[in-house]
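Residue numbers (the numbering used here): 45 to 265. For glycine and all other residues, C-beta sits at the position ideal for the given N, C-alpha and C. None of these values were measured; they are calculated from a predicted model. Okay, structure first, notes after.
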Amino acid sequence: RWDVRFACVDTGVTDPENGGVQVLSDVDDTIVCSNASTSCNSFGGCTIEGPKALKAYLSGKDRRLERKEMYPGVAELMLGLALGKNDGNGGQYYPAKAMMLSARPREAKIMLSIKQDSKLNSYLESAGKQYGQSSWGVNVNSSLYGTLFDGLSFKEFGQTKAKRYNKFAKTKPNTNFVFLGDNGQGDPCAAQSMLDSDAGNQMIAILIHVVQDPIDETTEC
Numbered sequence: 045r046w047d048v049r050f051a052c053v054d055t056g057v058t059d060p061e062n063g064g065v066q067v068l069s070d071v072d073d074t075i076v077c078s079n080a081s082t083s084c085n086s087f088g089g090c091t092i093e094g095p096k097a098l099k100a101y102l103s104g105k106d107r108r109l110e111r112k113e114m115y116p117g118v119a120e121l122m123l124g125l126a127l128g129k130n131d132g133n134g135g136q137y138y139p140a141k142a143m144m145l146s147a148r149p150r151e152a153k154i155m156l157s158i159k160q161d162s163k164l165n166s167y168l169e170s171a172g173k174q175y176g177q178s179s180w181g182v183n184v185n186s187s188l189y190g191t192l193f194d195g196l197s198f199k200e201f202g203q204t205k206a207k208r209y210n211k212f213a214k215t216k217p218n219t220n221f222v223f224l225g226d227n228g229q230g231d232p233c234a235a236q237s238m239l240d241s242d243a244g245n246q247m248i249a250i251l252i253h254v255v256q257d258p259i260d261e262t263t264e265c
């Protein structure tokens with residue numbers, strides 16, 4: 045008996061007729077609870093204070109779980125979206141690996157990027173294996189990062205994510221996307237900008253995790 049499945053394991057199938065969607069996701073306070081504390085309150089100030097303070101500043105605002113604890117059910121949600129309503133066309137198609145869409149500067153890749161052996165990737169891979177998708181996890185090679193030149197405010201972080209999405213979506217005109225984010229650091233304005241972009245029709249759903257009072261969130265980029 046031959047186990048024949050279609051599509052490259054790394055990219056999966058995102059044809060809406062046959063597979064699911066390409067999941068784009070923020071990391072901190074979306075998949076993993078940041079619960080980080082630091083005395084600095086700006087990118088520049090945290091940079092001066094040191095790498096640990098900078099990483100805490102870039103993490104997020106949620107304090108409801110233990111530091112770096114994975115939110116339960118998020119990996120399964122992402123896998124379900126990647127498989128689509130037809131469950132990968134009855135199991136014939138590989139689900140596309142989740143891509144992280146982060147404003148983290150790629151210049152700080154050694155310190156901040158998602159790696160193959162990271163806890164985050166292990167969390168997603170465990171969900172994949174549990175549901176018979178052993179190849180699924182984080183697309184560590186193609187995740188989208190920002191740059192130090194993109195700006196230092198949460199509003200500019202949102203602009204960065206929208207720009208990365210729009211540029212990438214143009215290379216995948218037949219792909220539909222879903223974006224997962226939180227309302228702590230500019231994801232709502234990023235989401236709105238994505239919907240308003242030239243590739244807005246490819247963004248079929250946006251899910252925002254509420255980690256602070258919506259009155260305080262950045263909604264316009």
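Three-state secondary structure (DSSP) at residue i?
{"i": "Gln66", "result": "strand"}
{"i": "Ser197", "result": "coil"}
{"i": "Gly225", "result": "strand"}
{"i": "Ser186", "result": "coil"}
{"i": "Ser178", "result": "coil"}
{"i": "Leu121", "result": "helix"}
{"i": "Asp73", "result": "coil"}
{"i": "Ser237", "result": "helix"}
What residue range does the beta strand (DSSP E) around residue i cover?
{"i": "Ala243", "result": "Unbroken run through Ala243: none, as it is neither H nor E."}
{"i": "Leu251", "result": "Met247 to His253"}
Quick one: is residue i buried, meaning 16 or more other Cβ sit within 10 Å of its Cβ, or exposed?
{"i": "Gly44", "result": "No answer is possible for residue 44: the residues shown for the chain start at 45 and end at 265."}
{"i": "Asp257", "result": "exposed"}
{"i": "Asn79", "result": "buried"}
{"i": "Lys129", "result": "exposed"}
{"i": "Asp226", "result": "buried"}
{"i": "Glu110", "result": "exposed"}
Give the single residue among the options whose Cα lies nearest to the Cα of residue i.
{"i": "Asp70", "options": "Glu261, His253 and Leu109", "result": "His253"}
{"i": "Thr263", "options": "Ser187, Ser237, Lys216 and Thr204", "result": "Ser237"}
{"i": "Phe201", "options": "Ala235, Asp106, Lys216 and Ser187", "result": "Ala235"}
{"i": "Asp106", "options": "Gly244, Gly172 and Thr74", "result": "Thr74"}
{"i": "Val65", "options": "Asn218, Gly244, Ile259 and Gln229", "result": "Asn218"}
{"i": "Gly172", "options": "Gln136, Leu123 and Val118", "result": "Leu123"}
Determine the extent of the alpha helix (DSSP H) in which residue i is found, giving its start and end residues.
{"i": "Ala171", "result": "Lys163 to Gln174"}
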